[in-house]
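Just so you know, the sequences run in chain order A and W.
The numbers in the working numbering rise by one with no breaks, and the one at position 108 of the first sequence is 108.
The numbers in the working numbering rise by one with no breaks, and the one at position 20 of the second sequence is 1020.
Reading through the structure tokens given below for one structure.
Protein chains: 2
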Amino acid sequence: MSQTVTALLRLRELILSGELPAGQRLSELSVVERLKVSRTPVRAALSKLEEEGLVEALPFGGYAVRAFTASEVDEAIELRGVLEGLVARLAAEKGADTTALSRLLDEIDAIIAAPVVGPDGFARYVELNEAFHAGLVALAESPPVAHQLARAMALPFASPSGFVMAQALRPEARTIFVVAQDQHRSVLDAIARREGGRAEAIMREHARLARRNLDLALQDQDALRQVRGAALIERRTA
Amino acid sequence: MSQTVTALLRLRELILSGELPAGQRLSELSVVERLKVSRTPVRAALSKLEEEGLVEALPFGGYAVRAFTASEVDEAIELRGVLEGLVARLAAEKGADTTALSRLLDEIDAIIAAPVVGPDGFARYVELNEAFHAGLVALAESPPVAHQLARAMALPFASPSGFVMAQALRPEARTIFVVAQDQHRSVLDAIARREGGRAEAIMREHARLARRNLDLALQDQDALRQVRGAALIERRTA
DNA sequence: TCGCGGGCTACTGTATACAGGAATAATGCC
DNA sequence: GGCATTATTCCTGTATACAGTAGCCCGCGA
Chain A
1 MSQTVTALLR
11 LRELILSGEL
21 PAGQRLSELS
31 VVERLKVSRT
41 PVRAALSKLE
51 EEGLVEALPF
61 GGYAVRAFTA
71 SEVDEAIELR
81 GVLEGLVARL
91 AAEKGADTTA
101 LSRLLDEIDA
111 IIAAPVVGPD
121 GFARYVELNE
131 AFHAGLVALA
141 ESPPVAHQLA
151 RAMALPFASP
161 SGFVMAQALR
171 PEARTIFVVA
181 QDQHRSVLDA
191 IARREGGRAE
201 AIMREHARLA
211 RRNLDLALQD
221 QDALRQVRGA
231 ALIERRTA
Chain W
1001 MSQTVTALLR
1011 LRELILSGEL
1021 PAGQRLSELS
1031 VVERLKVSRT
1041 PVRAALSKLE
1051 EEGLVEALPF
1061 GGYAVRAFTA
1071 SEVDEAIELR
1081 GVLEGLVARL
1091 AAEKGADTTA
1101 LSRLLDEIDA
1111 IIAAPVVGPD
1121 GFARYVELNE
1131 AFHAGLVALA
1141 ESPPVAHQLA
1151 RAMALPFASP
1161 SGFVMAQALR
1171 PEARTIFVVA
1181 QDQHRSVLDA
1191 IARREGGRAE
1201 AIMREHARLA
1211 RRNLDLALQD
1221 QDALRQVRGA
1231 ALIERRTA
């Protein structure tokens, strides 16, 4: 694997894990020292991270780890919902074939049906859930929209599974799973019936489950710890 | 100005003007030779252009100028409409102050009211139109959404003024201006009344004016020549 | 004590050398 | 003459040297 890619992955990991706290200045040289690669790949990695939004360029050179306010996270989620809504609508208008995705949902059903959803269950759910969302994008068959949505989900807490782990410790976890899964089924139904407006509305509301989880997580330290990238969310300094 | 920025601007210009045709392979060295700057800034510029979507990375190194199908252009416009719709809705939900933008529209009125809209009028219209769209984004006060919308408009034909010039030679130009301006007014009204859903719907439909212009331009060589980046749109090879 | 100037340091932008790998062209063998 | 193999060439990834610059600290003087 190239140095640029490893630098990118490692830097991203350092940021999301919170090891590099929000606001931390990142000079190229300091990163070089930490990662033991030369400036060229570090530069490239920082540039990509800026594009992703995890890092912002400082006025007179260098970068800093970005901080996100709660409302920015909120808006990022809403944004994702809007784009996924577009995806679903496009798929519906095209009359895309939903059978493959439907089978994927059967697997999710199996997980939720289990008496207790353990850590493995959560991990598998995250995997299948992401596959489902990726599958919807594929149904829309629109490279520009796919590209844009990928960008929007670069922020970890804006991804479809961003806050799933926050539920893990909560009693209402199963309720959320059930509701989410029902929305999954409903959106496929809407697509199959070519009901574009309905498909769009469902996906928007589906994204707002994440917003609900965000609110829960912000009030619960333990839950927040489960959320990848939570260190970047500014605590309300009350 | 830095070499990276000049390289980026010049390369973008070469691509949009059609001097570098769609599909053209771009090796770093060939660009170095053409632009007379070293590989480092060329690399950076190519990476940015890939991010913008004007250029795509080839499997075994190097880049190629991207080609866009008509439906991709269509989807890019729809995408912009969806995002601008979100912007308008957010502004409405916040109850943003629309007076400054309303004054901007007065200036557009003055241009349209002139008996003949000459080249200067078109240029000024484009300027004010873009200022209006940028102003809406400011009203939404959402950095993530603003960032995403900026990305979506990086494609020249996805920008709010992308196809304005295509009207220049057409008799129905004034009609389109009048309709567009009415939508501008309506969306401000919706925002002022906090009618989020209405504001969103108007902006979506507003974007579709560009789609209409696209269809016209694709049937009219002279009009197409007025559109920046038209060289990248694949002609249906019938 | 405070303001000012000079030098210093830290850092980025840029060019370039070097190495490894892929594609292509050339050559020899069947 | 066709195919395989090798050599060459092109090209990217990476490291690094060099230059220019912004900010800072320290010392000096009022």
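Quick reminder that beta carbons are idealized off the backbone N, C-alpha and C, glycines included.
Given that residue i touches chain A, what residues does it touch there, using C-beta distances under 7 Å?
| i | result |
| --- | --- |
| proline 1143(W) | Glu72 |
Which chain A residues sit within Cβ distance under 8 Å of residue i?
| i | result |
| --- | --- |
| alanine 1076(W) | Pro144 |
| leucine 1086(W) | Glu78, Leu79, Val82 |
For residue i, decide whether its Cβ has a neighbour in chain W, counting only Cβ atoms nearer than 9 Å.
| i | result |
| --- | --- |
| valine 82(A) | yes |
| serine 27(A) | no |
| glutamate 205(A) | no |
| glycine 23(A) | no |
| serine 159(A) | no |
| leucine 9(A) | no |
| leucine 155(A) | yes |
| serine 47(A) | yes |
Locate the alpha helix (DSSP H) running through residue i, then write down its first and last residues.
| i | result |
| --- | --- |
| alanine 152(A) | 143-152 |
| valine 87(A) | 70-94 |
| valine 1227(W) | Note, valine 1227(W): premise wrong, no alpha helix (DSSP H); not H, not E. |
| alanine 1199(W) | 1196-1218 |
| proline 1041(W) | 1039-1052 |
Quick check on residue i: does DSSP put it in helix, strand or coil?
| i | result |
| --- | --- |
| leucine 1105(W) | helix |
| alanine 114(A) | coil |
| valine 137(A) | helix |
| phenylalanine 132(A) | helix |
| arginine 25(A) | strand |
| phenylalanine 157(A) | helix |
| alanine 1180(W) | helix |
| methionine 165(A) | helix |
| phenylalanine 1122(W) | helix |
| glutamate 19(A) | coil |
| threonine 1004(W) | helix |
| aspartate 1222(W) | helix |
| aspartate 189(A) | helix |
| arginine 10(A) | helix |
| leucine 35(A) | helix |
| threonine 1098(W) | coil |
| glutamate 127(A) | helix |
| arginine 235(A) | coil |
| arginine 174(A) | helix |
Say whether chain A places a C-beta atom closer than 9 Å to the C-beta of residue i.
| i | result |
| --- | --- |
| glutamine 1148(W) | yes |
| alanine 1044(W) | yes |
| leucine 1090(W) | yes |
| alanine 1238(W) | Model confidence at alanine 1238(W) stands at a pLDDT of 46, short of 50, so the residue's coordinates are unreliable; what they give is reported in the following sentence. Chain A contact via Cβ: absent. |
Which bits of chain W does residue i rub up against, with CB to CB less than 7 Å?
| i | result |
| --- | --- |
| alanine 152(A) | Gln1148 |
For a contact defined as C-beta to C-beta under 8 Å, what are the partners of residue i on chain W?
| i | result |
| --- | --- |
| glutamate 51(A) | Glu1051 |
Ends of the beta strand (DSSP E) at residue i?
| i | result |
| --- | --- |
| glutamate 56(A) | 55-57 |
| alanine 64(A) | 63-65 |
>> Can you pull out the residues from the region 117-134 of chain A whose beta carbon lies closer than 7 Å to at least one beta carbon of chain W?
In response: Of all residues in the region 117-134 of chain A, none comes within less than 7 Å of chain W when Cβ atoms are compared.
>> Taking beta-carbon pairs under 7 Å, can you tell me which members of the region 1031-1043 of chain W lie near chain A?
In response: For the region 1031-1043 of chain W, which is checked against every Cβ of chain A, not one residue is closer than 7 Å.
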